[in-house]
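Asker:
Chains as they are written, first to last, in this note's numbering: chain R, 1 to 538; chain P, 1 to 538.
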């Protein structure tokens, strides 16, 4: 008879590209998300938690001519033949939820959603196949007020989690303006899709490649440092100039504004004047209340709008986009959000194909060190825009929507990089076990400490080796260890070790100071709680 | 040429057995979990969020002789051949995490975990395939202090979320005592596994079937109301008496205690005396501090221990179990947890096969109406116990562990059933849109309200029909609507409608009262915020 096969021991490992989160990784994120939810809630957004599992057809990732769902999602077939999949973002499920429950939901429907999403992609350093997203969307209104509101909310959110004003900027652009520029450059037709793709990707790289790099990509292509060649859009010189004027609109405006500022006499009649005019055009009545607010906020956005309006002249879609931008910035201006926080930036593209109007992203502008030790701006932590035909797949009706997604891990990393959130946590008070038969005494001590709201635990390992207990306290980052041996018990006292002070003394003390052991205190048992509180409150 | 096939519209539906959570369903749960995490943290437990996806071999649900993972989990095969699955509980992932990271984790390791789990089971009414669990476990210690601590923590947790003392009870039993009873009844051998299974299931049904029903299941079987027959364990009369004495130990003790109480002269020498002796046996020194504490707490647990000790006489394993129960209740007693909160109950079985020592569950004892309109006790909301060989699968070493899992949805339902948590939420203040060109004015109003911490939103739908705006405010459960038409604008005032008061008046008012419209106020624009605050603070 064959021996029964022995099952080999399973490997204790997460699947490739997955990870576990421990302690403050979990609680810091939860704390940050709670602050974000507070802002979203104040703006009238309601929480939604859709199921993590969707039918593949609802996600829309099932290609008609393959027998397995598309790459990018984790999917499986049920015994009844249905394909199910894990959600890869929060937007596709929102479209499904809205289509399913539209008769019961308020209309427009403002909702926020926070939770993990899953991507079946090749994992890499810092790229995981499960990560958090935190979205807010308004479904059911075409009003630019919805977009403006989300930009204001994003600004409030960043400040609520601890990013200071001046350390971030919300950048807005409009896909219609981009389309308008394409039209002016003669790239509007269905047969020009490939070129448009190259142009959009080139614009998106302005920050990284600079104007010359973008120009190369619009023309014959670009060779990078490693020698690899990226193919260009092969536009002619006039087309390239049109696109570049758009890409560089920001610099043009900067240059012109600087010129205006130099020539103070002329200031009011130049950009400031045009800008002011632009704002009043948008809002019907001129509500510029103080010159200060005006200086802080509007010159930049109004001047950029003027410039864009000029660049898309002759394109109807382009001019519609410019009007949308104007409407958003006017609304924001009137609610007190100026271009020190929210600016129009023509170089914002946003990858996803489905955006149809305003697009926006939040960028952190402070410096951090990258892996190579170089000082760089922290960069983007959130992005979104208007997508008007996502629900249509289900209902046949076009439902306008706009929304933003915060990259939870990146924002948390930013808060940690700048010490806006603690990375190491004070551990619990550890009550050591000197006499294993008196566990009840030690439990009583921790119960007393916990009742006073102090995090505390009794050592539950093998108490034989006292050194191990102190090593454990050290691993727990415990601020205090409490010791009550038979002798202390008899005398009605406990020993209290201030471990943080002890560690500090160990680093610097002379032999004499060390011998005095000023970090250990003997107190009567009934004063234990008071002494612990005293040390913790130092 | 064949026409291109048109893809049919996808159905807007969650997969069978999945659901979405809206608004307060999400936020109430989050609030409850946050309170629970606060207690766990105070007890020295650290947060852990393991990945939702595990390898099937790590979960241990892959049977060696089938080519697909076992029923009960959602699993799929990766292109590289690996099978992945969604976690079905928090314990299997804990075992994997502990085995993977044991050199970096403190030992013993106390951790808590909160999040969704997935079960590939047939959905039914109220039974979903994705639901929340909230677990706390201590890995790496065999000390009964770990079990006692978790019972105390569970008690604190229930009170922290709003269950009052007296409305819940933590019931403790011990698998070793159960095994001891089996041994005494002659049901210990490997060949008696089927009988033992029937006996355990029968004991578990005491609450529902009563002693006679259990007795039938221990003997020849039982016919239920519908006529269905459940097969019995076919024990002989003596075996049945042994098991029944155990099952009814609680009633025996209750009867005896009542008898003792009647005969007050005799009280101290009867159960109270034995109970007292039992406690001092457990803890080495007699720490009964006040007669009051003694009365409140110990008589019950000590008396039950005496009874169980008698019932497992002759079984070594059984007596080990009794000593463990004694140790736990002594520790709890000394930390101030008496049998008004935590009681020994021999009828607690707990389904899962892997428990090896103490088992415990939390039961809510207040009455609620069930679906049939009958008044019933709310029942169990949490359970757990000691499982000493779960990590062994990975490492070959036995690692003792004990832990509890809270049924999040059931506990939340309990809080709602007893109005301990609000089910309907006050909506936002809704600023209506009378003049669509003045959106900036309305946005300014909500910005002002939000800055003061008030939840507020501007109506973003089509403003043409004012009735729709008020219907929207109603659907949002808005407390207040704000109205500023052209006339108000000119006069520098706004109309403020108290919608809750309005609804109340509409129910009861006479025609005259109604005409006065006492729920609508006209105030100067710059007093809007103050008036809104006044109404909200009423």
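Virtual Cβ for every residue (Gly too), placed ideally from N, Cα, C.
Computed from a predicted structure; not experimentally measured.
I'd like the list of long-range same chain contacts for residue 290 of chain R, defined as Cβ closer than 8 Å, with 5 residues on each side in sequence excluded.
Answerer: Confidence in residue 290 of chain R is poor, its pLDDT being 37 and thus under 50, which makes the residue's placement too unreliable to answer from.
Asker: So, residue 132 of chain P versus residue 19 of chain P, is the Cβ gap smaller than 8 Å?
Answerer: no
Asker: Span of the beta strand (DSSP E) holding residue 173 of chain R?
Answerer: 168-174
Asker: Going by Cα to Cα distance, which pick from R:120, R:210, R:499, R:439 is closest to residue 76 of chain R?
Answerer: For the residues R:120, R:210, R:499, R:439, the minimum Cα distance to residue 76 of chain R belongs to R:120.
Asker: In this structure, how does DSSP classify residue 209 of chain R when only helix, strand and coil are distinguished?
Answerer: helix
Asker: Can you pull the chain P neighbours of residue 58 of chain R, defined as C-beta to C-beta under 9 Å?
Answerer: 10, 11, 12, 13, 14, 15
Asker: Counting C-beta neighbours from all protein chains within 10 Å, is the total for residue 112 of chain R 16 or more, i.e. buried, or is it exposed?
Answerer: buried
Asker: On the CB-based measure, 16 or more other CB atoms within 10 Å of its CB, does residue 519 of chain P come out buried or exposed?
Answerer: buried
Asker: Could you list the residues in the stretch 326-338 of chain P with a C-beta less than 7 Å from some C-beta on chain R, going in chain order?
Answerer: 330, 331, 334, 335, 336
Asker: Hey, how far is the Cα of residue 199 of chain R from the Cα of residue 218 of chain R?
Answerer: 6 Å
Asker: Between the alpha carbons of residue 134 of chain R and residue 157 of chain R, how many angstroms are there, rounded?
Answerer: Distance between the alpha carbons of residue 134 of chain R and residue 157 of chain R is about 12 Å.
Asker: In whole angstroms, what separates the C-alpha of residue 490 of chain P from that of residue 524 of chain P?
Answerer: 11 Å
Asker: Go through the stretch 123-198 of chain R residue by residue and report every complete run of the beta strand (DSSP E) that reaches 3 residues or more, in order.
Answerer: 130-139, 168-174
Asker: Taking the alpha-carbon positions, what's the residue 529 of chain R to residue 455 of chain R distance?
Answerer: Each residue's Cα considered, the two are about 12 Å apart.
Asker: Answer yes or no: do residue 123 of chain R and residue 16 of chain R have a C-beta to C-beta separation smaller than 8 Å?
Answerer: yes
Asker: CB residue 535 of chain R to CB residue 463 of chain R, shorter than 8 Å?
Answerer: No; because the gap between Cβ atoms is not below 8 Å, this pair is not in contact.
Asker: Report the residue from P:220, P:245, P:72 whose alpha carbon sits nearest the alpha carbon of residue 236 of chain P.
Answerer: P:220
Asker: What residue from P:394, P:438, P:366, P:233 has the CA that sits closest to residue 483 of chain P's CA?
Answerer: P:438
Asker: Whose C-beta lies closer than 8 Å to the C-beta of residue 622 of chain P among residues of the same chain, with five residues either side of it excluded?
Answerer: Outside the displayed range of chain P (1 to 538) lies residue 622 of chain P, so it cannot be described from this structure.
Asker: Under a three-way DSSP split, which group does residue 236 of chain P fall into?
Answerer: The answer is coil: DSSP assigns residue 236 of chain P none of H, G, I, E or B.
Asker: Could you tell me which residues DSSP pairs with residue 120 of chain R in its beta bridges?
Answerer: Beta-bridge pairing links residue 120 of chain R to R:72.
Asker: When the Cα atoms are used, what is the spatial distance from residue 223 of chain R to residue 43 of chain R?
Answerer: 48 Å
Asker: Within the 8 Å Cβ cut-off, does residue 518 of chain P reach chain R?
Answerer: no
Asker: For residue 412 of chain R, collect the residues of the same chain with a Cβ closer than 8 Å to its Cβ; drop the 5 residues on either side in sequence, then sort them by chain order.
Answerer: 28, 29, 32, 421
Asker: Give me the Cα-Cα distance between residue 252 of chain P and residue 382 of chain P, rounded to the nearest whole angstrom.
Answerer: Approximately 27 Å between the Cα atoms of the pair.
Asker: Determine the extent of the beta strand (DSSP E) in which residue 366 of chain P is found, giving its start and end residues.
Answerer: 358-369
Asker: Taking DSSP's pairing of strands, which residues face residue 223 of chain R in a bridge?
Answerer: R:229
Asker: By the three-class DSSP mapping on this structure, what secondary structure does residue 327 of chain R have?
Answerer: Three-state result, residue 327 of chain R: helix.
Asker: Between residue 44 of chain R and the ligand GTP, is the CB less than 7 Å from at least one heavy atom?
Answerer: Within the structure as shown, the ligand GTP is missing, as the structure has no ligands at all.
Asker: List the residues of chain R that residue 107 of chain P touches, going by C-beta distances under 8 Å, in chain order.
Answerer: 461, 472
Asker: With distances taken Cα to Cα, identify the nearest neighbour of residue 99 of chain R among R:175, R:398, R:118.
Answerer: Measuring C-alpha to C-alpha distances from residue 99 of chain R to each of R:175, R:398, R:118 identifies R:398 as the nearest.
Asker: Under the three-state reduction of DSSP, which class applies to residue 459 of chain P: helix, strand or coil?
Answerer: coil
Asker: Is residue 90 of chain P helix, strand or coil by DSSP?
Answerer: coil
Asker: May I ask which residues mark the beginning and end of the alpha helix (DSSP H) holding residue 497 of chain P?
Answerer: Where residue 497 of chain P is concerned, there is no enclosing alpha helix (DSSP H), although the beta strand (DSSP E) it sits in stretches over 493-498.
Asker: Using beta-carbon positions only, say whether residue 208 of chain P and residue 240 of chain P come within less than 8 Å of one another.
Answerer: No.
Asker: Would residue 140 of chain R count as contacting chain P if we go by Cβ distances under 8 Å?
Answerer: Answer yes: the Cβ-Cβ gap between residue 140 of chain R and chain P drops below 8 Å somewhere.
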